[in-house]
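Encoded as structure tokens, the structure appears first; notes follow it.
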Amino acid sequence: MAITILRRLLAAVGVLLLISLFTFMIFFWLSPDPAVQICGKTCTPERIDQIRSQLGLDLPFWQQYWQFLSGIFTGRTYGEGAAAITCAAPCLGFSFQTNESVTDMIVARMPVSVTLAVGAAALWLLAGIGGGLLSAVKQGTGWDRAVMTTALAGISLPNYFVALLLQYLLVVQLRWLPFPQSVTFTEDPLLWFQSYLMPWLVLAFGYAAMYSRIVRTNVIDTLGQNFMRTAKAKGLDAPVVLRRHALRPSLTPVVTLFGMDFAGLLGGALITETVFGLNGVGKLTADSIAKNDQPVIMGVTLLAAALVVVANILVDVTYTYLDPRVRVKSA
Amino acid sequence: MSLTAPRTISIPVAGSTLLEVDHLTVTFPTSSGPVEVVKDASFRVESGDTLGIVGESGSGKSMTSLAIMGLLPRGGTATGSIRLNGHELLGRSDREMRRVRGDKVAMVFQDPLSSLNPYYTVGLQIEEAYRAHNGGSRRDARRVTIEALERVRIADASRRVDHYPHQFSGGMRQRIMIAMALCLEPDLLIADEPTTALDVTVQAQILELLADLQRETGTGMIFITHDLAVVSQVAQDVLVMKDGEQVEAGTAEQVFSNPRAAYTRALLAALPRIDDPFDELKGTSR
Amino acid sequence: MKRRTAFLGLAIATSIALVGCTAADTGSGSTEGVGGEPVTGGTLQVLQNTDFSHLDPAQGFDGGVNNFYRLIYRTLTTQGVGEGAEGTEIVPDLATDTGTPNEDATVWTFTLKDDIFFEDGTPITSADVKFGVERSLDPSISIGSPYAKIVLYMPEDYQGFYISGPLDTIETPDEKTIVFHLNQPYADFAAVVGQAPFTPFPADDESVTTTSIDQQPIASGPYRVTEYQRGSTLVLERNEHWDASTDDVRKAYPDSFEWTFGLDGATIDERMIAGQGDDQNAIAGSVQAASIARIQTPEIQERTIQGLQGCTTYMPLNTTKPGMDDPLVRQAINLAVNKQAVKDGTGGSQLADIATTMMPPTVAGFTEFDLYPSEDFEGDPEAAKELLAEAGYPDGFEFTLDIRNNPKMQAQAEAIQQSLAQAGITVNFNLIDSATFYEVIGTTSQQHDAAITGWCPDWASGATFLPPLFEGTQIFEKGNSNVAQLNDPAVNERIAEIRAMTDVEEANAAWGALDEQIMELAPAVPLLFEKAVMVVGSNVAGAYAHAGFSGGIDYVSVGLASAE
Amino acid sequence: MSTVPSELAVETEPKGVLPTGSAPTPARRVISTLRKSPAVVFSVCVIVFIVLLAVFAPVLAAITGWDPYEFDPTAIDSDLGGVPIGPFGGISSSHWLGVEPGNGRDILVRIAYGARVSLMIAVSATLITTTFGVVLGMVAGFFGGLADQIISRVMDFLMAFPSLIFMIALLSALPAGNRPALLVLVLSIFGWPYTARVIRGQAMSLRNSEFVEAARASGARPVKIVFREVLPNLRGTIIVLATLAVPSYIGTEAGLSFLGVGVMPPTPSWGQMISTAVGWYAVDPMFFLIPGTFLFLTVFAFTVLGDNLRRVLDAGDAA
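Protein sequence lines correspond, in order, to chains A, B, C and D.
Under the working numbering, the first residue of the first sequence carries the number 1, and numbering increases by one thereafter.
Under the working numbering, the first residue of the second sequence carries the number 1001, and numbering increases by one thereafter.
Under the working numbering, the first residue of the third sequence carries the number 2001, and numbering increases by one thereafter.
Under the working numbering, the first residue of the fourth sequence carries the number 3001, and numbering increases by one thereafter.
Written as structure tokens, this is what we have:
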């Protein structure tokens, strides 16, 4: 077991290295000169050269890449002397447009993304699993069709469209909700909840749609299994049969999916955060892309990839605990 | 392999009819109209006796047993009459049938691996069956479970009770299924091709085990198989089915020695005659 | 000197662009503040789309941030308060007067007031002012207002305090006196020391570094920053060490200010229109075009302010490109553009006036003329075709327009494309990312035949308007603001003559006349004078649009009608 | 199992019982089954309608008299910020679906031209990803070994990538150029592994089937086996995957255009129209409702069709 995990970790590090290299290369060759970006409005060629050397942009590709990598573990210093800027480890880069370390920027925005992800995840698990179960148990009935049609719609509806629709209906027309505001839970719990409700709903809708389809397939699959017949033949109560025998085999595979999706969201729900003005990692990404703040884009890309890769490992480990066939070697 | 044993033991209880099935018809709706998968089947099972139902796959033999259990797949309807100890089973609510299942009629299925839930220990799966009908504490249930495992000759039962199905071999799994069925002391045991998925030596062990257990408990049994040779070893009465119809019914002796239906003759002709079962059968006749 | 307006150019261009795209800055012009005289106290909310560019006054350089700087920083002089010209007048702030020049205006002396302090109670001395300027000259942060770099006398390789040490040409004979030596006579130097990089910072505070101010500003004005989460919130509270008696400009009514950033423009408008809860105490930037229709009710009109931004949106035509080098072609384009459609795309009559001159009406010396008239400003494609034929393009003309990837500029560009098509002129778009737009059009090798951009004066004078845009000596490879690359001897000569004028009135009139002289060459198409329309909360008082800050609501004068 | 690389992408869910290698279901039977489903009939109608709309966009422009770029200043109110005159976003006898605020361009004609762009990009990307996905998937699944190792690692890598972020960053970094072509390229780079993964799995199971064994025994060259024996058996799967890929790309293209890195103006695009409409949502909701509805219906129709296709092919396989 330990060896398997270790091997997975090594592979993950490899993937992350590749992703960072790939991202770095793209920006190295395709992106406009970051020095010119930083130089901003009142720029001279001399000043550009200064910035280039300060940022190490005049170094060859591999040295720059190495600086970036080592910065993550040891931190790094830009420039020299009194004008030097230090970026403490783990340094994912330094944004010269905002004069902040990318790590700090991401950390500062993480709570919003986490709140968004946790709330949405709770909603979509509830709706997705509930809907999928209902649909599977009432297979072929009106309920099934209603849930599955809603799910198909959920998959087909772009979330920015849903966001606009909800905002128009619930806030502008019906005035059931106030405009979303950036308050913390402690400041005003009600307003906090009201402000997050729409983003949660919008984000959860698409995922719930997807999950209900998958849960339905899994449950129907499980219901057709021989062991379900055995359970019934034992004379168990129908709810017990469903709860104990159908649910666990149907939902265990969902864990894998959920882990990946949740990790993906921690890396920022780009569109939802942008549309609702939530200052999370996704918004940071969108803003940085608009400003072409290259170090931030690099940092976020890498973080998002790392989250997915780590989630992948965690999910695999969790899976072995949930499925005895993987956990216990056969005799 | 003792073929006479069950017979002698079953005699004291014979005569009290355990199960009477009359004019049982099972229909399924399809896009091209309803299809009868079992047509007008009638048979009886005496306490302590074994009825063998023989037929190819799709002949309706499994549907017959599922109809008795009240577990027909979605859409299937059964008409006619199924009486257990004189009580009509057809038309009962699912709730009432649940008390019949396991408690009065238990079933052992063909594929022991897929018939056990891979996510739970075998112990838990037997215990839950026991507790569903007898209530009681988990401790009692566990004790009964271990006893049942011991009865089906699983070595080291008190340890193995906490193992998962995939940790057992095929034969062992079928023993577990049998233990699960027997721990409830049912009046009727339906064994639906219990040995088909097993290799020959294991198959023999399981048959022997079933015979021993039947002798101990006096349970009536329906043994479903496509294998006439097996039927000849276990059943007193035989029912042959083809395409949902009952083509032959009678005592094992009658059927094997003097088959009336052409289909039965064909089946018999197809039997391997490495060692002629009929000689043996004749030898053990009353 | 030689670079001066080049830097300036791009800076201002960016600022107008920010105003345009964020709807978070502000406008100018109603006759009196909304809701009468404010009371002291309460929290004023500000809803804004994008965060401030920089809290470091050496780095930030647009109308919105300059307006904000006045709340936390003080400079030797500053702009006045009040509408129109009152607001753009240069008045003393930390200094006792607007400075004393020597005879040829190359040495300027200022004296500091008494009882002026930083937020920790340390008195502000002339050394602190000097340090603030020296610090702002560091190349890694000197991206704000360029005037210090342009006019101060200093060694060519001077790179700010941290690299090059103190600058000897700023003298501080005593704690209250500061003397600046300039590299040229500069009559408007009083306006220069009002620019944000002249903000004082404690000279002997070790914790002040090149980048620290952007994170932790040190207040000299009436408020200090108590909470700042970039992109989301900014809170100001009173600076107890600011003495109102030393400050004739700032009223500082509210006890605190609270900014919320990152809100979508439409959402800000909806919140301001609804005006519920805390939004009653809120102000915001100009509404979007879409919201104009929604603010027409009397209740909302009562709390609506509007005014010109004081900037010009225009389309420079690159006079060095083949075809575009022919004045006839440029005139034809001027004739063909349907400015009405451009205005509609920008939000219609409430958000923009049509421009026929380069200088906006808010600049002193503004002279009205229209050299390329058409009925209802809808363009005259027939006249344009004739001119094109005369120029040798009877079958039409084709050019590429650089535009910013931003909905409003795209709408303007599409309107131009559509109207020029009727005169047989094909316009192709080169869409440039918002982040790199000014870099591209300010790089002579990268810009195309035309662009859509804007310009705001730094203070209300033609001197900060026409030369950066049309003076031939100000064409630079990079950071170029003369996007038309106009290099006309007559224009160059006239600019030099006006600069030498000492009579302000005469100079202003001359700038006005020069505007017309330039437009005869048609190096650009003036499109619009955009306006700001702002809805404020029902409990907001003393709000008016300040002409010096792109028409934004003057932060130092606004407050609440009731503080509860 | 997670096939959704981004918030945008529509799930293509290759999991489950796709038709495997046994006898391909006769097309006629599939069609006759599908024709009985009202949902499928509805979807096909929607798709046909959208395709017709796209193909005959210029005809529509001629009928309505509006070109997609033509301004109509009489349809908007300049004094009210350029809001369309008339109810429901300026719907009138001359503008059947109303006009865009600010310039009065005809929404119906722009929707039709937008459909061209959307369909062209989605179908091109589908063709490319299907070709690459099928070829690479078959190579990986059928030959195994080193080829499989390499292809699988590349797929893992691309699927672990935060592709939405990356698509946006890439598109905003790339020079404007030919946007539709760039979009197809970017969608293809991140899209093919989702096809390849399913094909690989099926090719692996087909590798050991009797008819492949038989072909091998008869001395057929591997390449020939792949194209003559394996490929025809994957036909159903490929059709389903391609049908489900189209809506996914339409959705992603619209999302990228919504974020301002997709199709560039003045070229009309649905996502871009919705993006422009964000500022107008409270005043002129029709401006986002109309393109949003078209986008939704198109994606929905393709998804329903793909879903049903899969179900019928599965059932055909089971029967």
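Each residue gets a CB set at the ideal place from its N, CA and C atoms; glycine is no exception.
Only a predicted model underlies this, so the values are computations on that prediction, with no experimental measurement involved.
Contact belief for residue i with residue j at Cβ below 8 Å, rounded distance in angstroms
i: C/PHE2529; j: C/VAL2363; result: The pair is not a contact, with the Cβ atoms about 11 Å apart (cut-off 8 Å).
i: A/ALA89; j: A/PHE73; result: 6 Å
i: A/TYR196; j: D/PHE3258; result: About 22 Å; that fails the 8 Å criterion.
i: D/SER3269; j: D/VAL3117; result: 5 Å
i: D/THR3130; j: D/ALA3203; result: Going by Cβ atoms, the distance from D/THR3130 to D/ALA3203 rounds to 15 Å, so no, they are not a contact pair.
Cα-Cα separation between residue i and residue j, rounded to whole angstroms
i: A/VAL254; j: A/ASP316; result: 12 Å
i: C/GLY2424; j: C/HIS2054; result: 45 Å
i: C/ALA2541; j: C/GLY2036; result: 5 Å
i: C/ILE2441; j: C/ASP2433; result: 12 Å
i: D/LEU2954; j: D/PRO3175; result: There is simply no residue 2954 of chain D to check, as chain D begins at 3001 and stops at 3319 in what is shown.
i: D/LEU3289; j: D/PHE3296; result: 10 Å
i: C/ASP2248; j: C/GLY2080; result: 9 Å
i: C/SER2207; j: C/TRP2459; result: 34 Å
i: D/MET3159; j: B/ILE1206; result: 50 Å
i: A/ILE85; j: A/ARG76; result: 9 Å
i: C/ASP1971; j: C/ASN2318; result: What is shown of chain C runs 2001 to 2564, which leaves residue 1971 of chain C out entirely.
i: C/THR2426; j: D/GLY3114; result: 22 Å
i: B/LEU1019; j: D/LEU3206; result: 48 Å
i: B/THR1195; j: D/ALA3125; result: 54 Å
i: C/GLN2045; j: D/GLY3081; result: 26 Å
i: C/ALA2006; j: C/SER2481; result: Because the pLDDT at C/ALA2006 is just 33, under 50, the model does not fix this residue reliably, and the value given afterwards should be weighed accordingly. The alpha-carbon atoms of C/ALA2006 and C/SER2481 are separated by roughly 5 Å.
i: D/ALA3254; j: A/GLY282; result: 18 Å
i: B/GLY1015; j: B/LYS1104; result: With a pLDDT of 49 at B/GLY1015, under the threshold of 50, the predicted position of this residue should be treated as unreliable, and no value is reported.
Opposing strand residues paired with residue i [DSSP bridges]
i: B/ALA1078; result: B/VAL1026
i: B/HIS1087; result: B/LEU1084
i: C/ALA2526; result: It should be noted that the sequence gives Pro, not Ala, for residue 2526 of chain C. In the DSSP output, where bridge partners are listed per residue, C/PRO2526 has C/TYR2314.
i: C/ALA2352; result: C/GLU2530
i: B/GLU1020; result: B/ARG1044, B/ARG1083
i: C/THR2111; result: C/THR2177
i: C/PHE2470; result: Note: C/PHE2470 sits in no beta bridge, so no partner.
i: C/ARG2238; result: C/TYR2223
i: B/MET1107; result: B/ILE1190
Candidates the options, of which the one nearest residue i by Cα
i: B/GLY1244; options: B/ALA1204, B/VAL1037, B/GLY1135, B/ALA1157; result: B/VAL1037
i: A/GLN167; options: A/GLY235, A/VAL202, A/THR86; result: A/VAL202
i: D/ILE3047; options: D/ASP3307, D/ARG3311, D/VAL3299, D/VAL3184; result: D/VAL3299
i: C/PRO2197; options: C/SER2136, C/PHE2399, C/PRO2254; result: C/SER2136
i: B/ARG1044; options: B/GLN1174, B/THR1064, B/SER1059; result: B/THR1064
i: C/ILE2403; options: C/ALA2352, C/ALA2450, C/TYR2393; result: C/ALA2450
i: C/GLY2323; options: C/ILE2163, C/TYR2393, C/GLY2132, C/TYR2153; result: C/TYR2393
i: C/GLN2288; options: C/TYR2253, C/PRO2092, C/SER2349, C/LYS2339; result: C/SER2349
Proximal residues of chain A, C-beta to C-beta of residue i below 8 Å
i: B/GLU1046; result: Per Cβ cutoff of 8 Å: no residues; B/GLU1046 is ~23 Å from chain A at best.
Interface residues of chain A facing residue i [CB-CB closer than 7 Å]
i: B/TYR1263; result: What B/TYR1263 touches in chain A: nothing, since even the nearest Cβ is about 29 Å away.
Proximal chain D residues relative to residue i, where beta-carbon distance stays under 7 Å
i: C/ASP2344; result: PRO3073, ILE3076, SER3078, GLY3082, GLY3102, ASN3103
Within chain D, the residues that residue i reaches when beta carbons sit closer than 8 Å
i: C/GLY2347; result: GLY3081, GLY3082, GLY3102
Amino acids of chain A, ordered along the chain, whose beta-carbon sits closer than 9 Å to that of residue i
i: B/MET1221; result: Residues of chain A passing the Cβ test: none, with the nearest at roughly 15 Å.
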